[in-house]
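Here's the structure we're looking at; comments come further down.
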Amino acid sequence: MVAIKKVLQDKRFKNRELQIMRRLEHCNIVKLKYFFYSSGDKKDEVYLNLVLEYIPETVYKVARHYSKSKQTIPISFIKLYMYQLFRSLAYIHFLGICHRDIKPQNLLLDPETGVLKLCDFGSAKHLVKGEPNVSYICSRYYRAPELIFGAIDYTTKIDVWSAGCVLA
1 MVAIKKVLQD KRFKNRELQI MRRLEHCNIV KLKYFFYSSG DKKDEVYLNL VLEYIPETVY
61 KVARHYSKSK QTIPISFIKL YMYQLFRSLA YIHFLGICHR DIKPQNLLLD PETGVLKLCD
121 FGSAKHLVKG EPNVSYICSR YYRAPELIFG AIDYTTKIDV WSAGCVLA
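For the sequence shown, full-length UniProt numbering assigns the number 1 to the initial residue and increments by one for each residue that follows.
Here it is, written out as structure tokens:
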């Protein structure tokens, strides 16, 4: 089984998500199996279709399940999930890639195995020292303080802040 992410392409730009995903090979990062382009309904509309491994759950859904049941997620699960999240971050940060949108919805979970996989590299970027970046990135509740204050020279540490927010 696979999941297909369909993204409208802007012809003025190369798709950064595809470029980044093609470089990644890690057990805690969703695997890109294939990609293809398709036409849209309107003239000149082109879509990039990313064919990804299918993972049925997210940390967000699991947290909501426990919350609705008036329970807390067992600490052993939290440790397991955070360990895997930090493994995926260590890997992409080593490659100079900043995810820039760490949040529970972008953390896929296989309930059978307990394996967590980081997904959605649509905001990800290879950071280059001295090259400015946009500060309006990352979902609001997981945004690092430097982004809130408009910094354009941030580092991969913004992902670590976001991971801490997920943990909290």
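Ideal Cβ placement from N, Cα and C applies to all residues, glycine included.
Residue i - containing beta strand (DSSP E), residue span
i	result
D110	L107 to D110
V46	V46 to E53
K117	V115 to L118
For residue i, the nearest candidate out of the options (CA to CA)
i	options	result
E131	D159, K117 and A151	A151
G122	D110, S139 and T113	S139
V59	L89, I102 and N133	I102
V30	V7, Y37, E57 and K11	E57
F35	H26, L18 and A63	L18
K6	L118, S39 and G164	S39
Y37	I55, K125, D10 and K61	D10
Residue i - partner residues in DSSP beta bridges
i	result
I97	H126
Span of the alpha helix (DSSP H), counted from its first residue to its last, around residue i
i	result
residue 174	With the chain represented from 1 up to 168, any question about residue 174 goes unanswered, as that position is not in the structure.
Quiz item: Touching or not, the stretch 89-104 and the stretch 46-55, by the rule of three or more beta carbon pairs under 8 Å?
Solution: no
Practice problem: Write down every uninterrupted run of the alpha helix (DSSP H) in the stretch 2-75 whose length is 4 residues or greater and which is fully enclosed by it, in chain order. | Solution: 16-23 and 59-68
Practice problem: Specify whether the stretch 13-28 and the stretch 61-69 touch according to this definition: at least 3 beta carbon pairs, one from each stretch, less than 8 Å apart. | Solution: no
Quiz item: Within the chosen definition, does the stretch 156-167 reach the stretch 81-93 through at least 3 CB pairs nearer than 8 Å?
Solution: yes
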